[in-house]
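Read the structure below first, then the notes.
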Amino acid sequence: MQKTKASADELIALILHGIEEVKGNDINLLDLREIENTVCDYFIICNGTSNTHVNAIVNSIQKTVSKAIQDKPWHVEGSENAEWVLMDYVNVVVHVFQKHIREFYDIEALWGDAKVTQIESSVNQ
Numbered sequence: 217m218q219k220t221k222a223s224a225d226e227l228i229a230l231i232l233h234g235i236e237e238v239k240g241n242d243i244n245l246l247d248l249r250e251i252e253n254t255v256c257d258y259f260i261i262c263n264g265t266s267n268t269h270v271n272a273i274v275n276s277i278q279k280t281v282s283k284a285i286q287d288k289p290w291h292v293e294g295s296e297n298a299e300w301v302l303m304d305y306v307n308v309v310v311h312v313f314q315k316h317i318r319e320f321y322d323i324e325a326l327w328g329d330a331k332v333t334q335i336e337s338s339v340n341q
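Just so we're aligned: the sequence shown equals residues 217 to 341 in this note's numbering.
If you want it as C-alpha cells, here you go:
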C-alpha cells in the first residue's frame, strides 16, 4: 500500500513553518497556477541575513517537511555558497535568498502575473 502524497496546502504550511522556525524574512507565496507553461504551481520566496542564516532556513524546511510527511526535495541547488538556494518539491519550489541577491534578481517582478501573498510571520522577530 503506497502512502498518499501530501496536499500542496499541507506542504506549503510545513515549508512556511520551517521558515518561521528560524526567523526567515519577507516571505512571499506566488500562486502560478493561472499562468500557462509553468514548471510548478507555487513559489515560496524568503530571505535570510547571511549564508549561515540561509542554510539554517533550508535545513529547517527540510527537517520540518521530512518529520511531518516523510518527503524530501527532489532537488536542492545553491547550498555551497548559500546566496540563493532553490529547493524543488516538484509542485512547490522554494527560493531562499540573501537579501541583496533577492533584490538583484527580483523574482517577484519576473513572475508579475502570479498572485502574490505576503506571509505575515507568526514568530516575533
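Where a beta carbon is used, it is the ideal one built from N, C-alpha and C, also for glycine.
Spanning the alpha carbons of Ile317 and Ile277 requires a straight line of approximately 20 Å.
Looking at Glu252, Asn275, Lys288 and Gly264, the one whose alpha-carbon comes closest to that of Leu227 is Lys288. Just so you know, the alpha carbons of Ala330 and Lys283 end up roughly 30 Å apart. Runs of the beta strand (DSSP E) spanning 3 or more residues and lying entirely within the segment 224-305 occur at 241-247, 258-264, 291-293 and 300-304, in chain order.
Separation of Glu324 and His311 (C-alpha to C-alpha, rounded to the nearest whole angstrom) is 11 Å.
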